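Everything below concerns the one structure shown next.
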Amino acid sequence: MDEHPQKQEAMQAGAALDTPLLRISSLTKRFGGYVAIDQLSLDIHAGEFFALLGPSGCGKTTLLRMIAGFETPDSGEMLFNGENIASALPHQRPFNMMFQNYALFPHLTVEGNIAFGLKRLGMQKADIKDVVAQMLALVQLDGLGKRRPDQLSGGQRQRVALARSLALRPKILLLDEPMAALDKKLRESTQRELLELQRKLNMTFIIVTHDQDEAMTVADRIGVMDHGRLEQVAPPRQLYEAPRSRWIAEFVGDVNVFDGKVTGEENGRVTLETRDAGVIAALKPPSVDESKMLCVAIRPEKIKISQYGPVNDLGGNAAFNRLPGVVADIGYLGNATIYSVRLDTGAVLRANVSNATRLDTDSYHVGQRVVAWFVPADCMVLEQ
Ligand code: ATP
19 MDEHPQKQEA MQAGAALDTP LLRISSLTKR FGGYVAIDQL SLDIHAGEFF ALLGPSGCGK
79 TTLLRMIAGF ETPDSGEMLF NGENIASALP HQRPFNMMFQ NYALFPHLTV EGNIAFGLKR
139 LGMQKADIKD VVAQMLALVQ LDGLGKRRPD QLSGGQRQRV ALARSLALRP KILLLDEPMA
199 ALDKKLREST QRELLELQRK LNMTFIIVTH DQDEAMTVAD RIGVMDHGRL EQVAPPRQLY
259 EAPRSRWIAE FVGDVNVFDG KVTGEENGRV TLETRDAGVI AALKPPSVDE SKMLCVAIRP
319 EKIKISQYGP VNDLGGNAAF NRLPGVVADI GYLGNATIYS VRLDTGAVLR ANVSNATRLD
379 TDSYHVGQRV VAWFVPADCM VLEQ
């Protein structure tokens with residue numbers, strides 16, 4: 019997971035000082051009686067790679083289309099560099115959108131596709147030729163300029179669409195599921211290339227995706243949407259390690275969740291009596307209402323399993339949470355193995371154990387008694 023630390027530092031420092039490049043305030047969009055975007059506010063900063071992530075139908079594309087000017091909001095404000103652009107037509111906005119299906123002109127060559135928007139702007143022929151050549155080099159399509167889209171692979175078509183969008187030098191590039199049509203391997207290499215390109219050009223990108231790995235790979239910050247609202251906006255690590263709610267914890271990555279109530283507190287730690295996993299110790303959460311029914315969430319890779327548990331256990335639950343059980347299922351993934359442990363309480367816990375060395379067999383077998391253990395600092399206490 020690359021978080022581009024220098025860029026983030028610069029952005030965090032800049033964020034306090036600068037006017038955001040794009041400020042969205044209380045934006046609402048209804049389709050008939052259905053509220054697709056609900057009082058949504060968001061700031062996007064110059065040079066940021068921002069990802070909108072969320073389940074199907076949560077409103078990601080509608081929000082992107084409103085930024086582009088293809089949809090008109092019912093209420094709310096949109097400021098670009100402090101200027102209201104809510105009523106500007108798409109071509110009056112300094113943005114460009116790359117569509118999911120690329121929307122290339124099938125009868126035009128690659129060069130013709132890239133040149134199309136530049137011609138409409140009235141650019142001189144010689145200048146257009148230069149820009150097209152630059153764009154072809156930028157997306158590594160030199161030599162393919164005379165081909166038509168149907169003579170290209172899916173990955174190459176995607177690059178043409180990208181080149182066509184970038185040729186107009188938009189202040190913000192809007193990308194709607196740009197990698198959806200590519201297979202897994204190509205998608206991963208294209209994500210890296212897109213990120214390199216964004217850094218090289220120092221442009222602002224907003225990408226819509228429902229693929230969390232993709233969002234984590236490319237984005238400086240991710241906005242997780244649900245039902246037309248932003249549930250959390252944060253850098254990838256914060257989203258994963260400090261989700262704001264149970265819903266976010268479960269949406270971003272895999273997680274074990276146990277419902278429980280706080281029953282004790284000591285030395286910055288709380289103990290929760292859970293319904294399915296007994297007593298679990300966790301760090302005191304900064305901002306949850308401890309009188310409510312809460313939950314403890316633990317990522318599977320934070321859980322270790324062994325035959326008897328940690329040797330240096332200080333006794334009780336002082337250093338570790340230890341949950342005894344039986345291996346119920348084993349899923350070999352190559353880089354890791356997922357062990358499902360049926361706890362003595364009856365609940366099932368998933369532990370993701372890294373296959374850091376080459377082993378000819380699994381470390382544990384189905385039916386074996388084990389102890390699953392994890393430290394309190396790795397437990398996330400969340401509201402329901
Ligand atoms: P997906 O990941 O499936 O593309 P999304 O998060 O991009 O989903 P949107 O396309 O923004 O979701 O749609 C949000 C909601 O608004 C959906 O319930 C959708 O059916 C509805 N919607 C979108 N466009 C229209 C429209 N033109 N008329 C009526 N309803 C619409």
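Just so you know, we're using the working numbering here: the sequence shown kicks off at 19 and counts up by one. All residues carry an ideal CB built from backbone N, CA and C; glycine is no exception. Just so it is clear, the structure is predicted and the values come from calculations on it, not from any experiment.
Secondary structure at Gln325: coil, using DSSP grouped into helix, strand and coil.
DSSP links Leu40 through a beta bridge to Ile62, Phe98. Checking the 7 Å criterion, the Cβ of Thr46 is out of range of every heavy atom belonging to the ligand ATP.
Three or more Cβ pairs closer than 8 Å define a contact, and the segment 252 to 266 falls short of that threshold against the segment 75 to 88. Closest by C-alpha distance to Asp277, out of Leu40, Ala299, Met311, Glu283, is Met311. Per DSSP, reduced to three states, the secondary structure at Gly364 is coil, with no helix or strand assignment. Note: Trp391 is bridge-paired with Lys322, Arg340 in the DSSP secondary-structure output. Between the C-alpha atoms of Leu361 and Asn339 there is a straight-line separation of about 13 Å. If you look at Ile132, you'll find it in the alpha helix (DSSP H) that goes 128 to 138. Rounded to the nearest angstrom, the gap between the Cα atoms of Arg111 and Phe67 is 19 Å. Taking one beta carbon from each stretch, the segment 363 to 377 and the segment 287 to 299 have 3 or more pairs nearer than 8 Å; the two touch.
Here Gly172 carries a helix assignment [DSSP, helix/strand/coil]. Thr379 and Thr355 have their C-alpha atoms spaced approximately 11 Å apart.
Shown here, Met153 sits in a helix according to DSSP, grouped into three states. Annotated as proximal: Leu180 and Met116, with beta-carbon spacing under 8 Å.
Look at Phe269 here: in three-state DSSP terms it is helix.
Between Gly65 and Thr235, the CB-CB gap reaches or exceeds 8 Å. Taking each of Ser305, Trp391, Asp231, Asn285 in turn and checking the Cα distance to Tyr326, the smallest one comes out for Trp391.
Annotation for Arg182: Asn131, Ile132 place their beta carbon closer than 6 Å to its own, counting only its chain and skipping 5 residues before and after.
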